[in-house]
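Student:
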Amino acid sequence: MIFILIALGICGIDLSIKYWIESRRTFSDKTELLKGNVVIEKSHNNGVCLNFMEKRPNYVLGITGIILGILICFFAILLPKKRKYFWKLAVSFMAGGASGNFFDRMHRGYVVDYLNFPKIKKMKQIDFNLSDLFLIAGSALAFIISLFTKESQ
317 MIFILIALGI
327 CGIDLSIKYW
337 IESRRTFSDK
347 TELLKGNVVI
357 EKSHNNGVCL
367 NFMEKRPNYV
377 LGITGIILGI
387 LICFFAILLP
397 KKRKYFWKLA
407 VSFMAGGASG
417 NFFDRMHRGY
427 VVDYLNFPKI
437 KKMKQIDFNL
447 SDLFLIAGSA
457 LAFIISLFTK
467 ESQ
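Quick note: the sequence shown uses the numbering used here, first residue 317, plus one each step.
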């Protein structure tokens with residue numbers, strides 16, 4: 317049950333932040349945090365990462381919907397299994413993140429991004445949201461788990 321709450325919490329917090337960003341911020345508003353290492357700024361993403369496939373929003377919606385469906389099925393199969401706590405955590409991170417971004421695509425037609433890391437050279441052109449960060453964290457955790465578990469060998 318805790319892992320479902322984690323996924324719902326990630327999705328809910330991210331959607332709340334997105335609502336606040338959409339209703340209270342303009343595209344020119346920028347707020348620096350942590351000595352300029354993090355910048356809050358409003359951005360819309362019509363595709364996936366770096367606006368890839370931005371001209372094909374229906375494909376993006378369909379593909380991400382299928383991926384989310386597969387992820388939720390995997391989550392449902394994984395949850396009743398004993399132990400596997402790190403796998404459950406990884407999948408709850410990914411499910412929460414994927415749900416937040418899918419909701420945006422369904423209801424807005426784009427994903428609201430609001431975080432930028434300008435002092436990290438390779439990331440300064442990329443805008444993120446909380447869902448993105450949890451998708452990355454969940455994927456990284458799943459990769460690490462797969463390296464160190466017997467099932468993957």
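Glycine residues also receive a C-beta, built at the ideal position from the N, C-alpha and C atoms. Fair warning: this is a prediction, and the values are worked out from it, not measured in the lab.
1) Indicate whether G275 and E370 have their beta-carbon atoms separated by less than 8 Å.
2) Our contact map puts A411 next to F391 with C-beta atoms below 8 Å; I'd like the distance itself, whole angstroms only.
3) DSSP three-state call for L349: helix, strand or coil?
4) Which runs of the beta strand (DSSP E), 3 residues or longer, sit entirely within the stretch 351-392?
5) Is the Cβ of T380 closer than 8 Å to any Cβ of chain B?
6) Are the CB atoms of S455 and C327 within a distance shorter than 8 Å?
7) Verify whether the separation of the beta carbon atoms of F402 and L324 is less than 8 Å.
8) Could you work out which residue in N353, K435, F464 is closest to K400 when comparing CA atoms only?
9) Identify every residue that forms a DSSP beta bridge with L431.
10) If you reduce the DSSP assignment to three classes, tell me which class M410 lands in.
11) Report, in whole angstroms, the separation of the C-beta atoms of V376 and R421, which I expect to be a contact under 8 Å.
Tutor: Based on what the coordinates show:
1) A query on residue 275 cannot be resolved here, the shown segment of the chain reaching from 317 to 469 and no further.
2) Walking along the sequence shown from the start, residue 411 turns up at place 95. Walking along the sequence shown from the start, residue 391 turns up at place 75. With a Cβ gap of about 5 Å, A411 and F391 count as contacting.
3) Counting from one through the sequence shown, the residue named residue 349 turns up at place 33. Shown here, L349 sits in a strand according to DSSP, grouped into three states.
4) The stretch 351-392 is shown to contain whole beta strand (DSSP E) runs of 3 or more residues at 354-361, in chain order.
5) Chain labels in this structure do not include chain B; a single protein chain is all it has.
6) If you number the sequence shown from 1, residue 327 lands on position 11. If you number the sequence shown from 1, residue 455 lands on position 139. For C327 and S455, no; Cβs fall outside 8 Å.
7) Indexing the sequence shown from 1 puts residue 402 at position 86. Indexing the sequence shown from 1 puts residue 324 at position 8. Between F402 and L324, the C-beta gap is not smaller than 8 Å, which leaves the two residues out of contact.
8) The sequence position of residue 400 within the sequence shown is 84, counting from 1. The shortest Cα separation from K400 among N353, K435, F464 belongs to F464.
9) Looking up residue 431 in the sequence shown gives position 115. L431 pairs with I356, F444.
10) To locate residue 410, count along the sequence shown from 1; it is residue 94. Helix at M410.
11) Start at 1 with the first residue of the sequence shown, and residue 376 comes out as number 60. Start at 1 with the first residue of the sequence shown, and residue 421 comes out as number 105. About 7 Å; that satisfies the 8 Å criterion.
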